[in-house]
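Counting in full-length UniProt numbering, the sequence shown tops out at residue 320, every number present.
Working notes for the structure below.
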Amino acid sequence: MFGEPCPWSGPSATMALAGPGQPRAQLTRCCLMGRGISEPRAQRANLAAGGTPQPQLRRRPLLNRPVVSLLLSLGCAAAASSAEPKPRRAPAAVVLLHGSGDSGKGLQRYLRAVDGGQFLDRLQISGVETVFPDSGLRPYSLAGGQRMAIWFDRTGLPPSAPEDTASVEDSVSRLVCVLDQLKSDGIPASRIAVGGFSMGGGIALQLALRHPEKLGAVFALSSFLCDDAAVYRQLEAGGAAGAAGTSWPPTFMAHGQADDFIRIAWAEATARRLRGLGLPVQFAALPGVRHELVKEEIRMLGDWLWQTIGLEPGLEKADL
């Protein structure tokens, strides 16, 4: 091969040509780069004495270095042009938002405890960035005004309670900054999914409409929107076709049928109202599941994300 020593040069080559018991002086010598094979002095003396001519190796010209270099360069260029790398898909990110009283780290640990880390490992293997923001502390009316880790305040739990739009807008503004950072890192909005559990899912739905660009996906697990949520008014003012076509991403909602804290009826009402405005919402009711995350739910979410934002091909669940 090019770049390796000539296989017929050096002492080892001389011994290979000689054969057992043959004197080295009577061997021909291979020279590098076209110098050919020369007769040894003993051969010429033998001919002058009228001896029998010994078989001679025919000289075979070799290519000189410039020609070899030219052919190599042409060959490499041809190989490169015929094997252009396929363009990779743009990177992706999933932003996961915790429930009330929790934290980003807490949600991360919770997800790993539920399915043994399969969901998060699957994202990591596919090169998907995962972000677990913290809500920060604010007074929570349902806890007597105590400062808690919540995304927005509530004066009542059922959807009939009025929305505290000011605290919703404050958290949305801070989350938009998180998405802006992801976009500055080269991840387009169309490849960013946002979602969460309980209150985290609620703020994800709020964020999806308010973000200036259409996101790749939004998901809400055991979540709902208040009946008077400002997001409904914005959707109605903008028109269903406009909202569904330009600003609202595909949506996945899942809820436990046995949830006695956040009622499944509240989530179903949210899904129906969004669908009535022409938005693409997929809803999964989970039999026997309470206000919690379960393995089957996380598996369903993972499969939906893979189809919706189009992660790297060839990475199936069996690869994990």
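Glycine residues also receive a C-beta, built at the ideal position from the N, C-alpha and C atoms.
Please classify residue i as buried or exposed, where buried requires at least 16 other C-beta atoms within 10 Å of its C-beta.
i           : result
residue 102 : buried
residue 229 : buried
residue 325 : Look at the range of the chain in this structure, 1 to 320, and you will see that residue 325 is not part of it.
residue 99  : buried
residue 235 : buried
residue 173 : exposed
Give every residue of the same chain whose Cβ lies closer than 6 angstroms to the Cβ of residue i, excluding the five residues on either side of it in the sequence, and list them in chain order.
i           : result
residue 221 : 197, 201 and 254
residue 190 : 216
residue 167 : 152 and 153
Quick one: what's got a C-beta closer than 7 angstroms to residue i's C-beta in the same chain, skipping five residues either side?
i           : result
residue 249 : 208, 214, 215, 216, 217 and 218
residue 123 : 94 and 130
residue 171 : 135, 151, 152 and 203
residue 300 : 254 and 284
residue 275 : 281
Which same chain residues end up closer than 8 angstroms to residue i when comparing Cβ atoms and leaving out the 5 residues on each side of it in sequence?
i           : result
residue 120 : 108, 111, 112 and 130
residue 288 : 256, 257 and 258
residue 282 : 250, 251, 252, 253 and 304
residue 294 : 114, 256 and 286
residue 140 : 100, 146, 147, 148, 150, 153 and 154
Helix, strand or coil for residue i, going by three-state DSSP, please let me know.
i           : result
residue 286 : strand
residue 263 : coil
residue 218 : strand
residue 257 : coil
residue 168 : helix
residue 192 : strand
residue 130 : strand
residue 277 : coil
residue 270 : helix
residue 252 : strand
Taking the alpha-carbon of residue i as reference, which of the options has the nearest alpha-carbon?
i           : options              : result
residue 188 : 143, 211 and 140     : 211
residue 162 : 297, 260, 91 and 225 : 225
residue 199 : 247, 268, 310 and 96 : 96
| query | Does the stretch 115-132 come close enough to the stretch 175-194 to have 3 or more Cβ pairs within less than 8 angstroms? | reply | yes
| query | Are at least three pairs of beta-carbons, each pair with one atom in the stretch 149-163 and one in the stretch 180-190, less than 8 angstroms apart? | reply | no
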